[in-house]
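Take a look at the structure set out below.
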Amino acid sequence: MLSVKSLYKEYENQPLLEGVSFDIQKGETICLLGRSGSGKSTLLRIIAGIEAPESGDVYWNNQNLKDIPVHKRQFGFMFQDYALFPHKNVFENVAFGLKMQNLPFDLIEEKVNLVLDKVKMQKFRHRQVADLSGGEKQRVALARALAPEPRLLMLDEPLGALDRNLREQLMDELRLLLHESNIPAIYVTHDQEEAFTIGDRLVLLNEGRIIQNATPEDVYQNPKNAWVAKFIGLSNLLEGVIQSIQPLRVITKSGDFSIQTGLPKNVKLGDPVILLLRPDALTLNDEKMNQFQAHILDDVFLGNQWRVKLRMGDMEFSFLVDEPISIGSIIKISIDPKRINLLQAEK
Ligand code: ADP
Ligand code: MG
Numbered sequence: 148m149l150s151v152k153s154l155y156k157e158y159e160n161q162p163l164l165e166g167v168s169f170d171i172q173k174g175e176t177i178c179l180l181g182r183s184g185s186g187k188s189t190l191l192r193i194i195a196g197i198e199a200p201e202s203g204d205v206y207w208n209n210q211n212l213k214d215i216p217v218h219k220r221q222f223g224f225m226f227q228d229y230a231l232f233p234h235k236n237v238f239e240n241v242a243f244g245l246k247m248q249n250l251p252f253d254l255i256e257e258k259v260n261l262v263l264d265k266v267k268m269q270k271f272r273h274r275q276v277a278d279l280s281g282g283e284k285q286r287v288a289l290a291r292a293l294a295p296e297p298r299l300l301m302l303d304e305p306l307g308a309l310d311r312n313l314r315e316q317l318m319d320e321l322r323l324l325l326h327e328s329n330i331p332a333i334y335v336t337h338d339q340e341e342a343f344t345i346g347d348r349l350v351l352l353n354e355g356r357i358i359q360n361a362t363p364e365d366v367y368q369n370p371k372n373a374w375v376a377k378f379i380g381l382s383n384l385l386e387g388v389i390q391s392i393q394p395l396r397v398i399t400k401s402g403d404f405s406i407q408t409g410l411p412k413n414v415k416l417g418d419p420v421i422l423l424l425r426p427d428a429l430t431l432n433d434e435k436m437n438q439f440q441a442h443i444l445d446d447v448f449l450g451n452q453w454r455v456k457l458r459m460g461d462m463e464f465s466f467l468v469d470e471p472i473s474i475g476s477i478i479k480i481s482i483d484p485k486r487i488n489l490l491q492a493e494k
């Protein structure tokens with residue numbers, strides 16, 4: 148439906164977006180994920196037509212939107228700061244876009260009622276927006292974006308201003324609403340938990356480029372590089388060099404590792420690589436492969452598992468294990484060769 152092709156955008160001769168391309172299918176929610184300042188909001192403004200790229204195009208069902216102005220694109224927007232009218236009531240806020248379209252009042256009322264039911268705000272219809280809580284304002288903002296039945300919905304860090312409890316609750320609600328509405332959506336966030344909860348697909352943006360575009364499962368199982376791994380909270384990374392290919396072995400400062408997962412494309416003997424030891428890679432049994440001595444630094448009970456922090460060589464790692472380990476002890480551990488990802492080293 149939406150197709151973004153080779154966007155290039157710069158500010159003051161500094162490139163911000165370079166060769167950004169991706170598609171969105173019917174009913175799909177994609178999460179655009181990247182650090183603050185990575186150009187996420189700029190990308191949304193380009194898709195909305197508020198801003199023009201230096202080069203590249205945005206298509207809707209194969210139609211180039213270059214000459215289609217903002218208000219004719221039929222895209223809905225929802226911002227972090229809500230952009231609601233504080234002294235108008237809920238109904239008037241939600242009806243605003245519909246009134247701009249000069250629809251008859253009966254139809255406006257029907258559409259507003261429909262979306263207020265959807266976001267469970269019907270009983271607040273006469274309340275002034277200034278008298279609502281953060282979460283309630285958020286629902287009004289969503290209702291307003293949905294009311295004109297946009298063909299694409301863009302949400303720019305919509306939960307960024309809310310406290311943690313409320314965010315978690317609204318995250319689940321938003322996910323259901325987006326799925327039920329069947330409207331394709333781009334959800335921008337810098338929060339990986341939000342992205343994993345809401346996205347059917349994640350698009351990861353770093354230094355102006357899309358680093359990975361895949362399902363949340365795929366990003367988690369096969370992060371494209373060390374930046375992606377770190378960004379999604381996989382932090383057991385260490386540098387190494389390919390020592391042999393068959394069997395696959397890597398030399399690192401913390402010792403040599405046997406690896407039974409795939410070799411990245413174009414990587415050969417002697418190449419630098421990055422190892423990602425997955426959180427569940429640690430075993431306390433006496434395995435034949437990848438045995439190391441570890442100094443246990445910390446052990447935290449998480450409910451059904453323990454998170455153990457340990458030192459191997461001069462590096463620290465953390466793993467999830469099913470049994471407690473005493474802090475301060477020095478023990479033999481094994482790293483499962485099937486739970487190590489091999490990542491291409493950055494150039
Ligand atoms: P994000 O939404 O990922 O935090 P933005 O798209 O808002 O990132 O901004 C990315 C960068 O582009 C920022 O460093 C910002 O200062 C710069 N920028 C955004 N808009 C303009 C503008 N109109 N003129 C100059 N620089 C801008
Ligand atoms: Mg932004």
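For this note's numbering, count along the sequence shown from 1 and bump the result up by 147.
Where a beta carbon is used, it is the ideal one built from N, C-alpha and C, also for glycine.
Inset, instruction - Compute the beta-carbon to beta-carbon distance between M225 and A288, rounded to the nearest angstrom, for a pair I have assumed lies under 8 Å. - result: Sure, about 5 Å apart at Cβ, within 8 Å.
Inset, instruction - Please report the residue range of the beta strand (DSSP E) in which A441 lies. - result: Per DSSP, A441 belongs to the beta strand (DSSP E) from 438-448.
Inset, instruction - Within its chain, find whatever has a CB closer than 8 Å to the CB of Q438; leave out the 5 residues flanking it on each side and keep chain order. - result: Closer than 8 Å at the Cβ level, and outside the excluded window around Q438, lie K479, I480, S481.
Legend entry - Under the three-state DSSP convention, the category F464 falls into: Three-state DSSP puts F464 in a strand.
Legend entry - Nearest neighbour of D427, chosen from R396, L489, V468 [CA to CA]: For D427, the nearest C-alpha among the options comes from V468.
Legend entry - DSSP bridge partner residues for Y334 (one or two, in chain order): The partner list for Y334 (beta bridge, DSSP) reads C178, L302.
Inset, instruction - Tell me where the beta strand (DSSP E) around L352 begins and ends. - result: Run containing L352: 348-353, per the beta strand (DSSP E) assignment.
Legend entry - Minimum C-alpha distance to D319 - residue among V350, L300, R286, A294: If we check each option's Cα against that of D319, R286 comes out closest.
Legend entry - At least three beta-carbon pairs within less than 8 Å, the stretch 295-304 to the stretch 263-272: With a cut-off of 8 Å, the stretch 263-272 and the stretch 295-304 do not count as touching, because too few Cβ pairs lie within range.
Legend entry - Three-state secondary structure assigned by DSSP to T362: Three-state DSSP puts T362 in coil, outside helix and strand.
Legend entry - Residues that DSSP places opposite S405 in a beta bridge: Answer is R396.
Legend entry - Touch test, the stretch 371-388 against the stretch 185-193, Cβ-Cβ under 8 Å, three pairs minimum: With a cut-off of 8 Å on Cβ pairs, the stretch 371-388 is not in contact with the stretch 185-193, counting fewer than three such pairs.
Inset, instruction - Please classify L302: is it buried, with 16 or more other beta-carbons within 10 angstroms of its beta-carbon, or exposed? - result: Flag for L302 reads buried.
Inset, instruction - For the alpha helix (DSSP H) containing K284, list its first residue and its last residue. - result: Annotation: the continuous alpha helix (DSSP H) that includes K284 extends over 281-293.
Legend entry - Residue range of the unbroken beta strand (DSSP E) whose run includes D204: That run of the beta strand (DSSP E) goes 202-207.
Legend entry - Contact under 8 Å by Cβ, Q472 with I443: Gln is not the amino acid found at residue 472; the sequence shown has Ile there. Yes, they are a contact pair.
Inset, instruction - Could you please give me the residues that DSSP links to P162 through a beta bridge? - result: Per DSSP, E157.
Legend entry - For I194 and Q210, the rounded distance between their alpha carbons: Cα to Cα, Q210 sits roughly 13 Å from I194.
Legend entry - From G244, N240, T430, A290, residue whose alpha carbon lies closest to that of K219: Out of G244, N240, T430, A290, G244 has the C-alpha closest to the C-alpha of K219.
Legend entry - Integer Cβ distance of L423 from L384, believed to fall under 8 Å: L423 to L384, Cβ: 6 Å. Contact.
Inset, instruction - Could you spell out where the beta strand (DSSP E) holding R458 opens and where it closes? - result: Membership of R458 in the beta strand (DSSP E) is indicated by the continuous run 453-459.
Inset, instruction - For P170, write down the residues that DSSP places opposite it in a beta bridge. - result: A quick correction: the sequence has Asp, not Pro, at residue 170. In the DSSP output, where bridge partners are listed per residue, D170 has S150.
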